[in-house]
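In my numbering, the protein residues as written are 357 to 621.
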């Protein structure tokens, strides 16, 4: 299937690792130019080279997307370098194992800024530029925790639910102008967030007094398909939603969680 992404300019935030990196490489494999946004320059530049090797192109842009002017800066850089912006993947995010008693006001604010304000500013800047051309795709990487709240990090669940609402609101505003906004809601993923040293598996093990292997086995046992997902599986759905064939999909929140959320939404 031709996804119609060759030479499209596609912004990916949180691109230096995890789902963001996998998405950038998958877009590049379709011939797209991936504009790679993250805090650290070196991994972005390495990824830009990998995008070229994958068949597309990579442009690195190191900045803090929680800055108030970050949305405008990303879009301005994309337009000045490439003359267009066709797709935006709001992927940057963070999570940690915290009880409600442990979560500080600062941690609540950090997750609100990263999961709600940053994607809102990026969409607010990108959607009008896309609408001028009559074509655009925006995909917000949310979480199954936004659909089925988790008590292990209430701030993450609440802000991801807000991001789902934000996606639907922008979809209503821009679908009639050719800009299709959707969300994906991954479940537990066997990638950087869970498996890296100090990641969710290690944090869960410390909190529960068990091994990381026991945490991973317990988590996988609650997924109907019997395993954690992969970053590449999430990236494949994101890339489809960025594509030309996804021209009748707007305002959706696709669960990519192995069946973890036990409701039809």
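The C-beta atom is built at its ideal place from N, Cα and C for all residues, glycine as well. Quick caveat: nothing in here was measured; it's all calculated off a predicted structure.
Is the Cβ-Cβ distance between residue 540 and residue 527 less than 7 Å? The answer is no: Cβ separation not under 7 Å.
Between the C-alpha atoms of residue 446 and residue 597, what's the straight-line distance to the nearest angstrom? Taking C-alpha positions only, residue 446 is separated from residue 597 by approximately 13 Å.
Per the contact definition of three or more C-beta pairs closer than 8 Å, is the segment 371 to 381 in contact with the segment 581 to 593? Enough Cβ pairs lie closer than 8 Å, so yes.
At what residues does the alpha helix (DSSP H) containing residue 373 begin and finish? For residue 373, there is no enclosing alpha helix (DSSP H), as DSSP marks it with neither H nor E.
In the DSSP assignment, find the unbroken alpha helix (DSSP H) run with residue 574 in it and report its ends. For residue 574, the enclosing alpha helix (DSSP H) begins and ends at 568 to 577.
Report all residues from its chain with a CB closer than 7 Å to the CB of residue 418; omit the five preceding and five following residues, and keep chain order. Taking C-beta separations shorter than 7 Å and ignoring five residues to either side along the sequence, the partners of residue 418 in its chain run 394, 395, 396, 397, 400, following chain order.
For residue 421 versus residue 495, is the C-beta distance shorter than 7 Å? In this structure, residue 421 sits away from residue 495, with a CB-CB distance that is not shorter than 7 Å.
Output yes or no for whether 7 Å exceeds the beta carbon distance between residue 374 and residue 547. Yes, they are a contact pair.
Answer with buried or exposed for residue 431, where buried requires no fewer than 16 other C-beta atoms within 10 angstroms of its C-beta. For residue 431, the number of other beta carbons within 10 angstroms of its own is at least 16, and it is reported as buried.
Beta-carbon proximity of residue 406 to residue 416, cut-off 7 Å: No, these two residues do not count as a Cβ contact at 7 Å.
Could I get the ranges of all uninterrupted alpha helix (DSSP H) runs contained in the segment 453 to 533, with 4 residues as the minimum, in chain order? Runs of the alpha helix (DSSP H) inside the segment 453 to 533: 461 to 468, 474 to 489, 510 to 530.
Take the Cβ of residue 602 as the centre, count every other Cβ of all protein chains shown within 10 Å, and call the residue buried at 16 or more, exposed below. That one is buried.
For residue 556 and residue 511, which I take to be in contact (beta-carbon distance under 8 Å), what is that distance rounded to the nearest angstrom? With a beta-carbon spacing of about 14 Å, residue 556 and residue 511 fall beyond the 8 Å limit used to define contacts.
Residues near residue 476 in its chain [Cβ-Cβ closer than 7 Å; skip 5 each side]: Cβ neighbours of residue 476 beyond the five flanking positions: 522.
Residues near residue 470 in its chain [Cβ-Cβ closer than 7 Å; skip 5 each side]: Closer than 7 Å at Cβ, skipping near neighbours: 422, 448, 449, 450.
Just curious, the beta strand (DSSP E) that residue 543 is in, first and last residue? For residue 543, there is no enclosing beta strand (DSSP E), as DSSP marks it with neither H nor E.
Just confirm the distance between the C-beta atoms of residue 367 and residue 434, as a whole number of angstroms; I'd bet it's less than 8 Å. The beta-carbon distance between residue 367 and residue 434, rounded to whole angstroms, is 6 Å. This is short enough to meet the 8 Å contact definition.
How would you call residue 567, buried or exposed, if buried means at least 16 neighbouring beta carbons within 10 angstroms? Looking at its Cβ environment, which holds fewer than 16 other Cβ atoms inside 10 Å, residue 567 is exposed.
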